[in-house]
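Have a look at this one:
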């Protein structure tokens with residue numbers, strides 16, 4: 023991987039000066055296409071040992087581009103602990119479509135650093151690289167292009183430069199890495215891990231480009247050319263075709279009658295008022311106690327509510343709300359995305375609401391919208407909702423791995439019960455707002471939702487985040503089941 | 023203030039049940055007007071001693087409203103230290119127009135708590151209340167209405183309830199306040215401070231409503247009625263008239279020829295290339311050293327660049343950029359607001375970028391847009407830009423008080439020099455993007471900008487955040503002056 027760059031690469035000052043104006047003009051024109059099209063954003067990852075000139079490349083690119091549409095994305099030092107899932111900080115910083123983000127430090131940093139320091143075994147390292155590969159594939163599908171540049175410097179030269187650097191005014195950031203990774207053993211392991219990472223994550227959509235960094239002008243001209251190439255490739259992508267309405271939302275057509283997981287539920291289950299009062303209070307107390315325990319301060323709770331219209335999501339959330347400390351939870355009803363949300367990958371608007379440890383977030387409808395309403399209504403194409411299952415599993419897995427308990431509910435009622443509740447809503451003044459003509463229309467799509475729910479549960483019910491189907495024909499039964507599930511899950515997780 | 027509520031207030035269960043359905047329906051209808059009009063948001067502040075039922079009122083309101091457009095805004099405990107200016111967290115949480123935010127804990131908490139604990143003298147307390155009054159007036163002018171409810175409980179009853187509370191499962195949040203403010207002396211001081219605060223901040227646009235809290239149904243019915251009244255008052259506000267273009271942007275017409283502060287600058291100042299190289303490097307080194315010092319970790323740097331088109335803002339920022347650790351600074355070019363920004367008070371989009379301590383943020387154009395381009399182009403009315411001076415001073419003062427160094431520059435060139443630079447931009451391919459036909463058109467407004475700048479400097483050059491006018495006819499001179507000013511200000515602040 024790093025073999026061919028070990029030969030000397032050099033560009034004469036005069037040659038560079040001759041080349042620069044047209045490179046600059048071409049880059050600007052290509053950047054304006056990105057800005058005007060607003061279809062994609064571009065992340066430029068610049069990696070390399072300290073002293074290889076990451077900051078230098080950054081400054082040169084800033085001199086060439088329209089900087090008003092470029093952001094530098096930086097993150098704290100690689101090994102620092104955080105109070106949110108590790109991927110949260112990268113999601114938060116994603117620039118909107120039309121813009122370029124230049125990253126110093128990225129999702130490669132933590133695994134490389136931990137591997138070099140011997141804190142991570144090879145199997146875990148490989149698995150981390152695979153996660154990265156899936157993450158980058160998701161970004162690419164969702165409108166974020168990647169240009170990954172690896173600045174190569176041989177070890178002797180890298181050490182020499184680092185020493186020179188630590189003598190200057192730039193003491194703070196360098197010395198810390200120097201202390202951690204400065205030893206010859208760790209540097210060797212970092213080199214090996216880097217080569218392995220570059221190989222494993224050089225995919226078709228996001229290959230690594232190794233750039234010899236010893237000669238400054240060569241390095242920068244190379245980086246500029248790669249950027250130009252990437253921008254031109256983005257501009258040349260064909261305009262996406264308008265989404266056709268899917269003729270049939272089930273993915274695998276067949277002769278067998280479709281299986282409906284919802285039809286297996288026993289909707290007759292119910293509680294008497296006395297049972298309800300007693301059990302509701304008990305589960306609320308359990309949740310209060312568990313979410314106030316010290317162990318919860320290192321965990322967190324993420325709850326997603328889905329279900330048919332009028333299945334009782336809001337009233338269930340209200341009972342859950344009463345068990346929680348208002349200082350430490352939020353409810354997010356999911357409505358139409360804002361323009362800041364529309365200009366980024368789909369999951370961005372959920373990641374932005376993932377709270378600190380020790381807190382709870384409740385989603386009233388959730389990221390499953392893509393495989394439910396967007397699928398059934400044809401708001402996105404089969405490609406989009408088809409790959410959403412895997413992306414959602416990765417998302418929930420990352421949140422779970424960070425210690426959060428992820429609980430998701432489907433509240434199920436029968437068609438007849440829904441009709442009854444709609445009519446009730448029409449007849450009571452202060453409930454009328456909950457019903458729109460669209461709700462009545464959606465009833466015609468019941469079989470489509472049935473199929474979508476079945477596939478959703480099949481494909482996204484995981485060990486860390488299993489689906490809980492809630493028999494909601496009797497509201498009291500449903501509320502207690504939801505609260506008890508949350509309490510049980512918290513108890514199991516907090517030990 | 024609290025006298026009349028000491029008598030018994032009571033509502034029979036039956037009366038409450040009779041009243042509730044119509045109150046609920048009225049509330050919903052009024053809320054829908056807020057949602058549909060999207061002109062204003064409403065913050066409901068609920069204050070009162072622990073045990074007075076703040077959470078109870080909150081839950082009842084949630085039972086009555088369309089909760090999808092209501093957010094609970096909570097903040098950490100009153101006396102906790104923070105890593106950003108104290109007002110930042112309130113700004114961050116402002117709901118968009120059309121929504122209701124219910125606040126448990128607010129900007130009243132810290133001064134009340136500090137006053138009750140004897141950490142704050144009376145003069146400082148009064149001055150904190152005045153700041154709050156100005157802040158609330160700004161919110162009101164900028165589309166945020168306020169409903170402030172004070173739940174009253176006599177001391178005997180409050181103590182009894184608090185004791186009962188600490189026995190239950192809700193141990194964590196209560197016990198901390200109890201420990202801090204539970205003593206009879208502190209409670210008495212809290213009561214006195216509360217009364218003083220309620221009196222001092224009961225303004226016409228945001229009066230306090232004291233609600234007797236001993237009887238739960240009375241308390242909630244009262245809170246609901248106040249909310250209904252407030253929502254109806256908002257709905258009844260006349261539609262704002264479309265903004266007329268101001269006939270004359272100077273506020274005080276008179277016989278004297280207008281004074282131009284920019285005309286007093288000596289634009290002939292310049293540096294030789296050798297002076298420039300040496301001085302630029304020196305100032306960059308100073309800034310690097312100062313922003314890497316431990317003292318800077320408890321401070322921060324906020325820089326705003328304004329100036330004529332082509333005065334050299336971008337190229338100056340580039341020289342500043344090179345002196346800063348890329349891990350710890352951001353540049354924000356100010357362009358058209360996003361819809362999330364448009365749905366909130368003007369200063370929100372600047373507050374959201376105020377960084378943690380130890381970091382730098384550079385604004386390429388800034389919050390002064392309101393009194394410059396928006397004023398001159400008639401994008402907002404004289405009322406809006408007229409009150410912006412005071413609001414901006416408060417904003418900068420709050421940031422400065424939190425330890426940040428606030429530096430603001432106007433880069434000045436002559437009309438002739440601007441024409442020369444525009445022509446240069448036209449002739450060089452990679453500079454052409456910096457010039458639009460609008461830039462040429464804007465030259466006709468030179469005298470209007472001249473007057474706007476003069477008034478801006480007069481009214482917003484403060485001791486903590488003075489304006490620095492930069493003679494930018496010679497780019498080298500300008501860059502060194504900017505960097506030296508920043509280094510000097512940092513040196514003075516960090517000691």
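Chains as they are written, first to last, in the numbering used here: chain A, 23 to 517; chain B, 23 to 517. The beta-carbon is built from N, C-alpha and C at its ideal position, and this holds for glycine as well. Bear in mind the structure is a predicted one, so any value in this text is a computation, not a measurement.
For residue i, report the span of its alpha helix (DSSP H) as first-last.
i: residue 569 (chain A); result: Because chain A is modelled from 23 through 517, residue 569 (chain A) falls outside the range shown and cannot be assessed.
i: residue 138 (chain B); result: 131-138
i: residue 420 (chain A); result: 404-423
i: residue 434 (chain A); result: Where residue 434 (chain A) is concerned, there is no enclosing alpha helix (DSSP H), although the beta strand (DSSP E) it sits in stretches over 426-434.
i: residue 238 (chain A); result: 238-258
i: residue 315 (chain A); result: No alpha helix (DSSP H) contains residue 315 (chain A), which DSSP labels as neither H nor E.
Could you tell me which of the options sits nearest to residue i, measuring between CA atoms?
i: residue 347 (chain B); options: A:32, A:126, A:47, A:119; result: A:126
i: residue 431 (chain A); options: A:464, A:437, A:493; result: A:493
i: residue 239 (chain A); options: A:223, A:81, A:471, A:462; result: A:81
i: residue 500 (chain A); options: A:236, A:333, A:121; result: A:333
i: residue 50 (chain A); options: A:24, A:178, A:135, A:253; result: A:253
i: residue 58 (chain B); options: B:84, B:93, B:121, B:251; result: B:121
i: residue 422 (chain A); options: A:411, A:435, A:387, A:486; result: A:486
i: residue 30 (chain A); options: A:236, A:410, A:123; result: A:236
i: residue 141 (chain B); options: B:211, B:345, B:362; result: B:211
i: residue 163 (chain A); options: A:413, A:169, A:358, A:281; result: A:413
i: residue 502 (chain B); options: B:360, B:426, B:335; result: B:335
i: residue 245 (chain B); options: B:76, B:151, B:322; result: B:76
i: residue 34 (chain A); options: A:207, A:243, A:135, A:415; result: A:243
i: residue 349 (chain A); options: B:507, B:357, B:124; result: B:124
i: residue 367 (chain A); options: A:79, A:32, A:165; result: A:165
Quick one: list the residues of chain A neighbouring residue i, beta-carbon separation under 9 Å, in chain order.
i: residue 340 (chain B); result: 81, 84, 85, 89
i: residue 121 (chain B); result: Going along chain A, no residue has its Cβ under 9 Å from residue 121 (chain B), so there is no contact; the nearest lies around 11 Å.
i: residue 386 (chain B); result: 89, 90
By the DSSP assignment, the beta strand (DSSP E) with residue i in it spans what residues?
i: residue 125 (chain B); result: 122-126
i: residue 330 (chain B); result: Premise fails: residue 330 (chain B) is in no beta strand (DSSP E) and is neither H nor E.
i: residue 476 (chain A); result: No beta strand (DSSP E) holds residue 476 (chain A); the alpha helix (DSSP H) holding it covers 468-482.
i: residue 386 (chain A); result: 382-386
i: residue 493 (chain A); result: 489-493
i: residue 518 (chain A); result: Because chain A in this structure spans residues 23 to 517, residue 518 (chain A) falls outside the shown range and cannot be described.
i: residue 31 (chain A); result: Segment: none, residue 31 (chain A) is in no beta strand (DSSP E) and carries neither H nor E.
i: residue 55 (chain B); result: That residue, residue 55 (chain B), is in no beta strand (DSSP E); its alpha helix (DSSP H) goes 35-59.
i: residue 389 (chain B); result: Note, residue 389 (chain B): premise wrong, no beta strand (DSSP E); not H, not E.
i: residue 375 (chain A); result: No beta strand (DSSP E) holds residue 375 (chain A); DSSP gives it neither H nor E.
i: residue 91 (chain A); result: Segment: none, residue 91 (chain A) is in no beta strand (DSSP E) and carries neither H nor E.
Find the residues of chain B that neighbour residue i, judging by a C-beta separation of less than 8 Å, and give them in chain order.
i: residue 77 (chain A); result: 348
i: residue 47 (chain A); result: 451, 452
i: residue 344 (chain A); result: 81
i: residue 96 (chain A); result: 348, 349, 350
Assuming residue i contacts residue j under a Cβ cut-off of 8 Å, what Cβ separation, rounded to an integer in Å, is found between them?
i: residue 156 (chain A); j: residue 147 (chain A); result: Wrong, their Cβ atoms sit about 15 Å apart, outside the cutoff.
i: residue 360 (chain B); j: residue 88 (chain A); result: Going by Cβ atoms, the distance from residue 360 (chain B) to residue 88 (chain A) rounds to 19 Å, so no, they are not a contact pair.
i: residue 183 (chain B); j: residue 73 (chain B); result: 3 Å
i: residue 373 (chain B); j: residue 113 (chain B); result: 4 Å
Can you list the residues of chain A that residue i reaches, using a CB-CB cut of under 7 Å?
i: residue 336 (chain B); result: 89
i: residue 355 (chain B); result: 90
i: residue 50 (chain B); result: 452, 455
i: residue 71 (chain B); result: In chain order: nothing, as chain A lies at least about 16 Å away.
Which residues of chain A have a Cβ atom closer than 8 Å to the Cβ of residue i, listed in chain order?
i: residue 54 (chain B); result: 455
i: residue 228 (chain B); result: Correct list: empty, because the minimum Cβ distance to chain A is about 23 Å.
In chain B, which residues lie with their C-beta within 9 Å of the C-beta of residue i?
i: residue 361 (chain A); result: 360, 361, 362
Does the stretch 314-322 of chain B touch the stretch 375-394 of chain B, meaning 3 or more C-beta pairs lie closer than 8 Å? Segments in contact, yes.
With three or more beta-carbon pairs closer than 8 Å as the criterion, would you say the stretch 339-357 of chain A touches the stretch 396-408 of chain A? Taking a contact to require three or more Cβ pairs closer than 8 Å, the stretch 339-357 of chain A and the stretch 396-408 of chain A do not qualify as touching.
With contact counted as at least three CB pairs below 8 Å, one residue from each stretch, are the stretch 105-122 of chain A and the stretch 51-65 of chain A in contact? They touch, by the three-pair rule.
Do three or more CB pairs link the stretch 287-294 of chain B to the stretch 387-396 of chain B at distances below 8 Å? Remark: fewer than three beta-carbon pairs, one from each stretch, lie closer than 8 Å, so the stretch 287-294 of chain B and the stretch 387-396 of chain B are not flagged as touching.
Taking three-plus beta-carbon pairs below 8 Å as touching, is the stretch 497-513 of chain B in contact with the stretch 441-448 of chain B? Between the stretch 497-513 of chain B and the stretch 441-448 of chain B, the count of C-beta pairs closer than 8 Å stays below three; the two stretches do not touch.
Per the contact definition of three or more C-beta pairs closer than 8 Å, is the stretch 458-466 of chain A in contact with the stretch 304-314 of chain A? Counting Cβ pairs under 8 Å, fewer than three are found: no touch.
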